[in-house]
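Note sheet for the following structure.
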Amino acid sequence: MFSSETNGYNRKEVDLYIARMKESYEKTLMEDRLKVLDNEKKILELKNKNRDIEKREKNIQNMLESFKRVQVEGSNNIENLRGEQLRIIYHQFQDFMQELNGRYPGVLVNNSYKKLMRDIESVLSKGAIKNAGVDNDPMRALLIKMQEKRESGSIREIKIERSPDAKERSRFIRPVTEMELKEGDGFDSLVDKFLASEPVEQKQKSIKQTSGFDLREAVTPTEDLNEIMKAFDFFGGDDEDKDE
492 MFSSETNGYN
502 RKEVDLYIAR
512 MKESYEKTLM
522 EDRLKVLDNE
532 KKILELKNKN
542 RDIEKREKNI
552 QNMLESFKRV
562 QVEGSNNIEN
572 LRGEQLRIIY
582 HQFQDFMQEL
592 NGRYPGVLVN
602 NSYKKLMRDI
612 ESVLSKGAIK
622 NAGVDNDPMR
632 ALLIKMQEKR
642 ESGSIREIKI
652 ERSPDAKERS
662 RFIRPVTEME
672 LKEGDGFDSL
682 VDKFLASEPV
692 EQKQKSIKQT
702 SGFDLREAVT
712 PTEDLNEIMK
722 AFDFFGGDDE
732 DKDE
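Here the sequence shown stands for residues 492 to 735, numbered as in the numbering used here.
Here's what the structure looks like:
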């Protein structure tokens, strides 16, 4: 491999071999270092990707939690709006029944109606309907304004027109308690059946004076004109002439 000299191997050949070995080693070492750097770069890229994935997962989780909160809040808001609508409808129904009682006195005397109204009012005043609405919700703001306007409005005066025979006509009014709701009637409640029923017609009384004269019969006579004239004694002179 090396040439021999008196003092051993050829020194130049040995030095050249060592230099070549060193160069080969350094080259291999440099290649390995480059590979390590390349692998470190790939690892860093993977870490960055993993960090981005974790960040996206966290953002998605936050969005889902936010959507859940909005959904729960929206559900509570819808329940509250339904409660407000039910209260407004209940107050409108109360006004209607008061007006109906003004026109037909005695309707509100019904005990079952009173119990029904008390039950409805107690349900609406309970905490069954959650008051968890959003203050800046436009629908809720509109309902609040309607409620405030209704509460601050003046009490309406209902004028009741009474005729001389009002007491006699009141006996023809049929209270709800005297009516029965049958299966084939097609009504949801006795109130609906009562409102849809036709009132009992009452024959109009003839307006007579103290003398017994009937004004309506005189305006629309049913007898012969000659008989009417005789009743007023317009032909009294002619009868006397005929008798003579």
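Using N, Cα and C, we set each Cβ at its ideal position, and we do this for glycine too.
First and last residue of the uninterrupted alpha helix (DSSP H) at Phe678: First-last for Phe678: undefined, no H or E at that position.
Coarse secondary structure for Tyr604, derived from DSSP in three states: helix
Glu548, enclosing alpha helix (DSSP H) - first and last residue: 502 to 594
Per-residue burial, Asn530 [other beta carbons within 10 Å of its own, 16 or more giving buried]: exposed
Backbone CA spacing between Gly675 and Phe587 [nearest angstrom]: 27 Å
Ser557 versus Arg594: straight-line alpha-carbon distance, rounded: 55 Å
Stretch-stretch touch, CB-based, cutoff 8 Å, three pairs: the segment 542 to 551 with the segment 560 to 573: no
Lys538 to Asn550 span [Cα, whole Å]: 18 Å
8 Å Cβ shell around Val527 - same chain, five flanking residues per side excluded: none
Assigned exposure category for Phe685 - 16 Cβ within 10 Å defines buried: buried
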